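All remarks here apply to the structure that follows.
Protein chains: 2
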Amino acid sequence: MTSSFYPPLRTLMGPGPSDVSPRVLGALARPTIGHLDPRFVDLMDQIKELLQYAFQTRNELTLPVSAPGSAGMEACFVNLVSPGDTVIVCQNGVFGGRMKENVERCGARAVMVEDAWGEPVSLDKVASAFEQHPQASLLAFVHAETSTGVRSDAAALCALATNHGALSIVDTVTSLGGIELLVDAWGADAVYSGTQKCLSCIPGLSPVTFSPRAVERIRARSHKVQSWFLDMQLVMGYWGGSTKRSYHHTAPVNNLYALHESLLMLKEEGLEAAHARHRHNHEALVAGLEAMGLAMAVAAEHRLPQLNSVLIPEGVDDAAVRAALLEDYDLEIGAGLGALAGRTWRIGLMGFASNERNVLYCLGALEAVLASQGARINAGKAVHAAQAVFKR
Amino acid sequence: MTSSFYPPLRTLMGPGPSDVSPRVLGALARPTIGHLDPRFVDLMDQIKELLQYAFQTRNELTLPVSAPGSAGMEACFVNLVSPGDTVIVCQNGVFGGRMKENVERCGARAVMVEDAWGEPVSLDKVASAFEQHPQASLLAFVHAETSTGVRSDAAALCALATNHGALSIVDTVTSLGGIELLVDAWGADAVYSGTQKCLSCIPGLSPVTFSPRAVERIRARSHKVQSWFLDMQLVMGYWGGSTKRSYHHTAPVNNLYALHESLLMLKEEGLEAAHARHRHNHEALVAGLEAMGLAMAVAAEHRLPQLNSVLIPEGVDDAAVRAALLEDYDLEIGAGLGALAGRTWRIGLMGFASNERNVLYCLGALEAVLASQGARINAGKAVHAAQAVFKR
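Chains as they are written, first to last, in the working numbering: chain A, 46 to 437; chain B, 46 to 437.
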């Protein structure tokens, strides 16, 4: 019969959710209070400030959407796109395709700029898309592609948009808290993220921030936003300003306790220190994987430290390896997606999960599983190679 | 400076969120696992079964939307409404107005059937709306109006829709778990609810269920659903069937632990026992309020036991009373909304919060605050009158 659910204690090194800090789980379980309680309204103000720090922005319209990252994506599109608009969408992995869906469901036209999965967005292709489509009102791209582990040059892409009189929509689901993200300095206009990656928080919220230019465009809309739930003009009434909060929807109170705690942890550590930690653990993991004889799927200069795509060696059974890691080691790593399905694994080192113990545990477990399945690897070197990076 | 947030320990007797059971908070804080983990997929199956029990339905498409109740509402409308449709919308409180917004944002026409705030939906008015608009493809109404505390006759309204060849969309945000709700027996087609009312769970999820007729209409759509996030054809790929789950969005894993636990508690208690408990505590509260000399805002036959609208006595400062209850008693009750703002209080007795202690505590605190503010009440009788109901 059905009974209370006690999850296994996994180590989460896939593409997210990542391991959630015990501090965050502790905050999550504190007693629920009302979403209009004055003490909760104070908390909302603190969350906004902490998000402004995490995003490196002074944008007034900065808040967590009460739903997962895909709803944050949709919030950016439905508020900024009007029927008939032309939007340049960059696709170099799964999430560019989802952006295209969003544009089309807003009754607008998506001009696709495609790059190979595993490559960053090409600045030249985007520049020529703007030349061919000067009426384009938006450029949308993914900063850190979760499906491939590739970083694109967000600063340059935002600048291209601005130079062509367009606004930018930037997916930072996997970058926030893990690598440099400078919303104001880059001039990014609408930015969304998720809580379950480098913020080490539970899944279910999507931090977003909109520049003053983006807010101006939202206010100037002649069509109502097609989503009531995601209409930022309404959401602003609850999250915005210091005056009376008007009820829009019931905020996910406990999830916001958790987000507050995770953002506080990020601020205590400091963004630069958090980025350095992600980089350092990534270097150790790569040293270990390469010592084992595995090859990375992405060129070194485009790699995300928080999401490591590894080529699956010839003859190795992808699903069997991941199943053995999960069953025998309680260790989750990610499968490849789309064009990379069956060809790569995705090893996440995100947020709280980006630590020495996880790097060493994963290398040891992966080596043992590959060896037991008869894969040709250089045994006995991986953990040592990673330790050498930690000790230098 | 910013530090960890420790909420005050409130007693939540407003319109929701209601007090969350410690069992549910305990489940919430269990370690996060991946949203594609086989153990998590098992949990999803259990949640679906438990929701089918709570909704009293065999509908295959029964699941929690990963966002608050207003997103559940939107999920029903965007999937079932196409541009140009005519939808009959009943309004007897706040939420009918939100339904109208949803219909219009889908490019359809809302035919409004209006009743006074504090009254149930009039069956005669709905019948004549169908006669005047035979092309109407949907009837939308609120079963339990959270803004007024009124129950409408959902069985009869669903039958009216069916008899006119229309589907029904039913808001059960405040009814699920608190009063009788028979999705299959009534022939309701698309039903949404929330987790933070009579389920005693945290806010942030919206259970929904769609009848086979509703699913057929969704599958027959010629327009894509305007929301990618809420497109049930895509969501079904993750939640539906027993075959391979395809990734749609990252499920709010910990919230689903909590929902599972709260649904399990409901099943352990049994729906009929839960309804009887809500009714009994309501009777005790009303006896106490009336003994104090206060009057209920809704006629006895239309009252919701889980949400009690009380008229504010003449000359009493609404906001001051609620502030004193919150500050001096850590007790939250709800303000009136819209047409009833400043005229009523809304006292919730929902889910875990529907218990004897809360009834007695609320009556004692309210009496003390009203007396201290010089209101003319019959002092010293309320708690005793409620106790008499409990003891009979």
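For glycine and all other residues, C-beta sits at the position ideal for the given N, C-alpha and C. Only a predicted model underlies this, so the values are computations on that prediction, with no experimental measurement involved.
Discussion item. By the DSSP assignment, the beta strand (DSSP E) with N104/A in it spans what residues?
Written reply: If you number the first sequence from 1, residue 104/A lands on position 59. Unbroken run through N104/A: none, as it is neither H nor E.
Discussion item. Under 9 angstroms, Cβ to Cβ, is there at least one residue of chain A near L382/B?
Written reply: On the second sequence, residue 382/B is found 337 positions in, with the first residue counted as 1. Yes, its Cβ sits closer than 9 angstroms to a Cβ of chain A.
Worksheet item: What are the uninterrupted segments assigned as alpha helix (DSSP H) that are 4 or more residues long and contained completely in the region 145 to 179 of chain B, given in chain order?
Response: 168 to 177, all fully within the region 145 to 179 of chain B.
Worksheet item: Going along the region 314 to 327 of chain B in order, which residues come within less than 8 angstroms of chain A, judged by CB to CB distance?
Response: Flagged: no residues at all.
Worksheet item: Tell me the DSSP bridge mates of Y302/A?
Response: Position 257 of the first sequence, counting from 1, holds the residue named residue 302/A. Partner(s): none; Y302/A has no beta bridge.
Discussion item. Can you find the residues in the same chain that come closer than 6 angstroms, C-beta to C-beta, to R455/A, ignoring five residues on each side of it along the sequence?
Written reply: Absent from the structure is residue 455/A, since the part of chain A shown begins at 46 and ends at 437.
Fill in: 8 angstroms contact criterion, which A204/A and H188/A should meet: CB distance rounded
Here residue 204/A refers to the residue found at position 159 of the first sequence. Here residue 188/A refers to the residue found at position 143 of the first sequence. Actually they do not touch by this definition, with Cβ atoms about 14 angstroms apart.
Discussion item. Please identify the residue among A318/B, A420/B, H209/B whose C-alpha is closest to the C-alpha of A172/B.
Written reply: One-based indexing of the second sequence puts residue 172/B at position 127. If we check each option's Cα against that of A172/B, H209/B comes out closest.
Item to complete: Return no unless some Cβ of chain A is closer than 9 angstroms to the Cβ of P109/B.
Response: In the second sequence, residue 109/B corresponds to position 64, counting from 1. With its beta carbon at least 9 angstroms from every one in chain A, P109/B lies outside the interface.
Worksheet item: Closest Cβ-Cβ distance between Q351/B and chain A: below 9 angstroms?
Response: Counting from 1 along the second sequence, the entry for residue 351/B is found at position 306. At a cut-off of 9 angstroms between C-beta atoms, Q351/B does not count as an interface residue with respect to chain A.
Worksheet item: Are S291/A and G163/A touching if we call contact CB-CB under 9 angstroms?
Response: As a first step, residue 291/A must be located in the first sequence, where it is residue number 246. As a first step, residue 163/A must be located in the first sequence, where it is residue number 118. No. Outside cutoff.
Worksheet entry | Helix, strand or coil at C135/B [DSSP, three-state] | Numbered from its first residue, the second sequence carries residue 135/B at position 90. DSSP, read as helix, strand or coil, puts C135/B in strand.
Worksheet item: Under a three-way DSSP split, which group does N353/A fall into?
Response: On the first sequence, position 308 is the one that residue 353/A refers to. The answer is strand: DSSP assigns N353/A an E or B state.
Worksheet item: What do you get for K269/B, buried or exposed, if any count of 16 or more other CB atoms within 10 angstroms of its CB means buried?
Response: Mapped onto the second sequence, residue 269/B falls at position 224. Looking at its Cβ environment, which holds fewer than 16 other Cβ atoms inside 10 Å, K269/B is exposed.
Practice prompt. Give, in chain order, every residue of the region 237 to 258 of chain A whose Cβ lies closer than 8 angstroms to some Cβ of chain B.
Written response: Those residues of the region 237 to 258 of chain A that come within reach of chain B (Cβ to Cβ, closer than 8 angstroms) are G239, Q241, I247, P248, G249.
Discussion item. DSSP three-state label for V69/A, please.
Written reply: Taking the first sequence and counting its residues from 1, one reaches residue 69/A at position 24. Reduced to three states, the DSSP call for V69/A is helix.
Practice prompt. Report yes or no: do the region 336 to 351 of chain B and the region 115 to 135 of chain B share at least 3 C-beta pairs separated by less than 8 angstroms?
Written response: These segments do not touch.
Item to complete: Verify the CB distance criterion: does P53/B have a CB-CB separation below 9 angstroms to chain A?
Response: Position 8 of the second sequence, counting from 1, holds the residue named residue 53/B. At least one chain A Cβ lies under 9 angstroms of P53/B.
Item to complete: Identify whether S307/A lies in helix, strand or coil by the three-state DSSP scheme.
Response: Position 262 of the first sequence, counted from the start, is the residue given in the question as residue 307/A. In this structure, S307/A counts as helix in the three-state DSSP scheme.
Item to complete: Run down chain A in chain order and give the residues with a C-beta less than 8 angstroms from the C-beta of R143/B.
Response: Taking the second sequence and counting its residues from 1, one reaches residue 143/B at position 98. Within chain A, the residues near R143/B are W273.
Worksheet entry | Residues within the region 76 to 98 of chain B neighbouring chain A, beta-carbon criterion of under 9 angstroms | Shown in chain order are the members of the region 76 to 98 of chain B whose Cβ falls below 9 angstroms from a Cβ of chain A: P76, T77, I78, G79, H80, L81, D82, P83, R84, F85, D87, L88, Q91, E94, L95.
Discussion item. According to DSSP, is F186/A part of a helix, a strand, or is it coil?
Written reply: Here the question's residue 186/A lines up with position 141 in the first sequence. Collapsing the DSSP output to three states places F186/A in a strand.
Discussion item. Taking 6 angstroms as the limit between beta carbons, can you name the residues of its chain near G232/B, skipping five residues before and five after?
Written reply: In the second sequence, residue 232/B corresponds to position 187, counting from 1. So the qualifying residues of the chain are C203, T207.
Worksheet item: At which residue ranges does the region 218 to 292 of chain B contain complete alpha helix (DSSP H) runs of 4 or more residues, listed in the order of the chain?
Response: With a minimum length of 4 residues, the continuous alpha helix (DSSP H) runs that stay inside the region 218 to 292 of chain B are 228 to 231, 257 to 264, 277 to 284.
Discussion item. Counting only C-beta atoms, is S213/A closer than 9 angstroms to chain B at any point?
Written reply: Here residue 213/A refers to the residue found at position 168 of the first sequence. No, its Cβ sits nowhere closer than 9 angstroms to a Cβ of chain B.
Discussion item. Extract the residue ranges of the beta strand (DSSP E) inside the region 311 to 386 of chain A, only unbroken runs of 3 or more that lie entirely within it.
Written reply: Whole beta strand (DSSP E) segments, 3+ residues: 352 to 356, 376 to 380.
Worksheet item: What is the residue span of the beta strand (DSSP E) that G393/B lies within?
Response: Stepping through the second sequence from its first residue, residue 393/B is reached at position 348. G393/B -> beta strand (DSSP E) spans 389 to 393.
Worksheet item: Any residues in the region 297 to 309 of chain B with a beta carbon nearer than 7 angstroms to a beta carbon of chain A? Which ones, in chain order?
Response: Residues passing the 7 angstroms Cβ filter: P297, V298, N299, N300, Y302, H305, E306, L309.
Fill in: Option in G71/A, Q91/A, A235/A, A99/A with minimal Cα separation from E317/A
Taking the first sequence and counting its residues from 1, one reaches residue 317/A at position 272. Out of G71/A, Q91/A, A235/A, A99/A, A99/A has the C-alpha closest to the C-alpha of E317/A.
Worksheet item: Which of the three DSSP states, helix, strand or coil, is assigned to T56/A?
Response: Within the first sequence, residue 56/A is the residue found at index 11, counting from 1. The answer is strand: DSSP assigns T56/A an E or B state.
Worksheet item: Going by the CB atoms, is the gap between G396/A and L244/A shorter than 9 angstroms?
Response: Position 199 of the first sequence, counted from the start, is the residue given in the question as residue 244/A. Position 351 of the first sequence, counted from the start, is the residue given in the question as residue 396/A. Yes.
Worksheet item: At a CB-CB cut-off below 8 angstroms, which residues of chain B make contact with L183/A?
Response: The residue labelled residue 183/A in the question sits at position 138 within the first sequence. Chain-order list of chain B residues neighbouring L183/A: empty, with the shortest C-beta distance near 16 angstroms, by a criterion of under 8 angstroms.
Discussion item. Taking only three categories from DSSP, how would you classify V215/B?
Written reply: Residue numbering aside, residue 215/B sits at position 170 when the second sequence is read from its first letter. Residue state, collapsed to three classes: strand.
Worksheet entry | Start-to-end residues for the alpha helix (DSSP H) that takes in E193/B | For the purposes of this step, residue 193/B is taken as the residue at position 148 of the second sequence. Looking at the sequence shown, residue 193/B is not Glu but Thr. Here T193/B belongs to no alpha helix (DSSP H), and DSSP marks it neither H nor E.
Worksheet item: Less than 9 angstroms separating the beta-carbons of I247/A and V110/A?
Response: Position 202 of the first sequence, counted from the start, is the residue given in the question as residue 247/A. Position 65 of the first sequence, counted from the start, is the residue given in the question as residue 110/A. Between I247/A and V110/A, the C-beta gap is not smaller than 9 angstroms, which leaves the two residues out of contact.
Worksheet entry | Nearest residue (CA-CA) to P523/A, options Y51/B, G71/B, R84/B, H80/B | This structure cannot speak to residue 523/A, because chain A is shown only from 46 to 437.
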